[in-house]
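The sequence shown maps to residues 3 to 104 in the working numbering. Down below is the structure, laid out as structure tokens.
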Amino acid sequence: MRAAHATVTGMIGRHLRITGRVQGVGYRHWFLGRAEASGLTGWVRNRADGSVEAVVQGSEETVARIVSEAGSGPPAAQVDQVETTEHVIDPMLMRFEQWPTC
């Protein structure tokens with residue numbers, strides 16, 4: 003059913019967990035700017051464990067591009083790993099936002 007939903011809307015969703023030196027280096031702000039410029043919807047936030055978490059929704063090509071870019075991040079970041087999992091499209095996410103730390 004998820005695949006059919008993605009096909010009907012033309013969108014896919016991914017959940018990302020980014021680890022490494024990704025807090026205190028402008029990573030969320032950088033990610034937010036990239037996501038907004040790409041027309042993605044979703045959110046990004048810091049996690050208490052030192053990682054950054056994000057949900058991105060958009061075309062397959064656009065989502066793949068930001069997932070790839072997430073592995074680099076801004077100049078001060080040192081990304082060790084980007085874990086991605088499928089995320090069911092949430093129609094309530096109408097824009098890209100920065101959420102509070104969880």
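All residues carry an ideal CB built from backbone N, CA and C; glycine is no exception. All values derive from a computational prediction rather than experimental measurement.
Do you know whose CA, among the options, lies nearest residue i's CA?
{"i": "G60", "options": "W101, E88, T103", "result": "E88"}
{"i": "Q47", "options": "Y29, T86, G15", "result": "Here residue 47 is Arg; the residue named in the question, Gln, does not match the sequence. For R47, the nearest C-alpha among the options comes from Y29."}
{"i": "V24", "options": "R16, R36, T43, G73", "result": "G73"}
{"i": "I14", "options": "G35, D92, P77", "result": "D92"}
{"i": "G44", "options": "F33, E38, V57", "result": "V57"}
{"i": "L18", "options": "G41, A37, A50, V54", "result": "V54"}
{"i": "T21", "options": "Q80, E99, M96, R97", "result": "Q80"}
Please classify residue i as buried or exposed, where buried requires at least 16 other C-beta atoms within 10 Å of its C-beta.
{"i": "V90", "result": "exposed"}
{"i": "M94", "result": "exposed"}
{"i": "R183", "result": "Any property of residue 183 remains undetermined from this structure, which presents the chain solely from 3 to 104."}
State the DSSP-derived secondary structure class of residue i, mapped to helix, strand or coil.
{"i": "W101", "result": "coil"}
{"i": "A50", "result": "coil"}
{"i": "I91", "result": "coil"}
{"i": "V65", "result": "helix"}
{"i": "G22", "result": "strand"}
Alpha carbon to alpha carbon, how far is residue i from residue j?
{"i": "T103", "j": "R49", "result": "5 Å"}
{"i": "T86", "j": "S70", "result": "11 Å"}
{"i": "R16", "j": "V65", "result": "8 Å"}
{"i": "V27", "j": "A78", "result": "6 Å"}
{"i": "H31", "j": "P76", "result": "9 Å"}
Thinking C-beta only, is residue j closer than 7 Å to residue i?
{"i": "V100", "j": "L34", "result": "It is worth fixing the name first, because residue 100 is Gln in this sequence and not Val. In contact: Q100 and L34 (Cβ atoms closer than 7 Å)."}
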